[in-house]
Each structure stands twice: as structure tokens, then as C-alpha cells.
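Student: To start, I am sharing the structure in question, which I have written as C-alpha cells.
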Amino acid sequence: MDLYFPEEFWRAGVLEMPEDSLAIKRVSLVDQAEQRLRSRIGGKGFQYGDTLPRENELMVMLGVSRTVVREAVSRLRMLGMLECRRRGGTVIVSPDLAANLNRMFHPMLLNARSAREIMEIRLSLEIGMAEFVFERKTSDDLRELRDIHAHRTKNSSHLEDFLIVEARFHGKLFAIAKNPLLSGFYELMPRFYQATSDLLGIPVKGNDSDDDPSGWLGHQNLIDILENGTSDQFRACMYDHLAPYVAALARMDGAKQGKAS
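Be aware that the sequence shown starts at 1207, since it is given in this note's numbering, and climbs by one per residue.
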């Protein structure tokens, strides 16, 4: 049996400290117990679908108290790695990553660094998934995109109206990719639009008109290329549509390097 002892045992010289314990020797007992359990899930210990041992067994296995075991198990349950089932005990499950993201992110808690990182992830995903969207689209998808585009409010210059259209249109593109994690990530984005704009100084409102002097390619262009173009053309059009955000981030990089020099 693989026992796990608190740091005090090693410090007292009762046992020789193994090398792999050095990295976590300063964390709490609950942290150590959680890490130990996580390392066993999907490895040689527990597999997805297995029932977690009872508290008494975990206490012996981890070398910690019942309170520590309960806290460690509670943490993994909050992460979606464990699920309590009636008459079935605590079962190891595959976590819902999108749900975890949704619980963790809140626009009011963003700093400039986090806002930038979220924007970069969004741009990388949306441009990178262009081929999946192009290949997996259906006639019903195209019809829904046209409907979203056609029902723009006449007062679309207002930020609130634009955000509604932007969220629905780009949310549909993520849905067409048929990847639940991608769709789950994008569900977070509408609430971040305004916060990201404020923190990074990036204008939220894009172009939804083909003759806009800023050169942004609008939603109609994306629909037309999805229907009649190629995947390469669609990827290029998506990049052009999001180019102002990319350019704004590049300007921030340039300003940062200028201050550093």
C-alpha cells in the first residue's frame, strides 16, 4: 500500500524524505492530499467510472485525518472530477471543462493581463477553427446565420445592440464547429466584451458593413464565403474581420517594448 505521511515525519527524521516530495513540502496537508488523489486518477490508481474508496481507506492511503480527506474530496468535487451518486458512492468522472470555466471567470475580477489573455485565446480559437466551421456547416446553419444577420436592429450603432448581434453571430460559428468545449468557452465571451474593451482600450464595436472605411469585413462577407468560397478564403476573411483586435494587441506590444527600451 502506498502511504503518504505529513511533512512533520520527514522533518523529524522518522522517515527519509523522497525526492518527489520536495516540490510540495511547503503546501498544506489538504493541498498534498488533493494532489495525491489527482495523481492517482487516470493513472495506475483510479480510472474514470470507479467508485472512490471510503473515507477510512483514504485516511490510511493518504496518511491524513478525516477532516483533510473530506476537504480534499470536496475540492475535487467542485472541479467536477468527482460526483456523488445516490446509493452509488462518490464516482470519478470526466470533468466538464466548459462548466469549470464558466464558474471561474467573472468580468468584474479581470485585470488587464487576464483580459488580454482571454482576448488572445478568443482570437486564436476563432481564427484557428475556421476550417472546422467551413467543413461542418450545414444549410440550416447558413440559414440561421443569415437570419441573425438580417434581424440586426436598425439602431445597430448602439453598443448594446451590436453586442447582441456579435454574441449571437459568433456564438453560432462556434456552435457550427461542433466542439462543446469551444462553444462553452465562447459562452463566456459576451460578458467580457465591454470589460475587455475598457481594460485594453480596444473598441468593442466592429464593422457589420461591407463598405466601412475601417476595412473590417462584415458578417455578410463571412456568410457569403461559407456558402460559396473555400476554407482558406473563410479563414482569411475571419482574420480580416478580427484584424482590429489583433492590431490593437500588437500596438500594446509595441508600446510596452518602447517603454522597456
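Idealized CB from N, CA, C, for every residue including glycine.
(1) State the start and end residues of the unbroken alpha helix (DSSP H) segment that holds GLY1334.
(2) Entirely within the stretch 1244 to 1311 and at least 4 residues each: give me those alpha helix (DSSP H) ranges in chain order.
(3) Round the Cβ separation of LEU1288 and LEU1258 to the nearest angstrom and send it over; I've been treating them as touching at under 8 angstroms.
(4) Per the contact definition of three or more C-beta pairs closer than 8 angstroms, is the stretch 1379 to 1386 in contact with the stretch 1327 to 1342?
(5) Which residue's Cα is closest to the Cα of ASP1446: MET1458, ARG1242 and ILE1431?
(6) For ILE1536, count neighbouring C-beta atoms within 10 Å of its own C-beta (all shown protein chains included) and say buried if the count is 16 or more, exposed if not.
(7) Measuring straight from C-alpha to C-alpha, what distance separates TRP1422 and ALA1442?
(8) What's the C-alpha gap between LEU1351 and GLN1426?
(9) Pull up the distance between the alpha-carbon of ALA1373 and that of LEU1348, whole angstroms please.
(10) In whole angstroms, give me the CA-to-CA distance for LEU1387 and ARG1309.
(11) One question on the structure: do ARG1272 and GLU1261 come within less than 8 angstroms of each other, judged by their Cβ atoms?
(12) Using 10 angstroms around the beta-carbon of THR1296, count the other beta-carbons present and answer buried if the total reaches 16, otherwise exposed.
(13) Give a yes or no on whether the C-beta atoms belonging to LEU1243 and LEU1282 are separated by under 8 angstroms.
(14) Whose CA, out of ARG1293, ILE1298, ASN1317 and GLN1241, lies closest to the CA of ALA1278?
(15) Looking at the structure shown, is ASN1434 part of a helix, part of a strand, or coil, going by DSSP?
(16) Between CYS1290 and the rest of its own chain, which residues show a CB-CB distance below 6 angstroms, the 5 nearest in sequence each way excluded?
(17) Is the separation between the beta-carbon of ARG1322 and that of LEU1455 shorter than 8 angstroms?
(18) Between the Cα of GLY1334 and the Cα atoms of PRO1301, ALA1305, SER1437 and ARG1457, which residue gives the shortest distance?
(19) Can you tell me the Cα-Cα spacing of GLY1435 and ARG1293, whole angstroms?
Tutor: Quick answer:
(1) 1318 to 1334
(2) 1261 to 1268, 1272 to 1284 and 1303 to 1310
(3) 6 angstroms
(4) yes
(5) For ASP1446, the closest C-alpha among the options MET1458, ARG1242 and ILE1431 is that of ILE1431.
(6) Residue 1536 lies beyond the range of the chain shown here (1207 to 1467); nothing can be said about it.
(7) Legend: pLDDT at TRP1422 = 43, less than 50; position of this residue unreliable, no value from coordinates given.
(8) 9 angstroms
(9) 16 angstroms
(10) Straight-line Cα distance between these residues: approximately 14 angstroms.
(11) In this structure, ARG1272 sits near GLU1261, with a CB-CB distance shorter than 8 angstroms.
(12) buried
(13) Their beta carbons are under 8 angstroms apart, which means LEU1243 touches LEU1282 by this criterion.
(14) GLN1241
(15) helix
(16) THR1296
(17) yes
(18) SER1437
(19) Roughly 55 angstroms separates the two Cα atoms.
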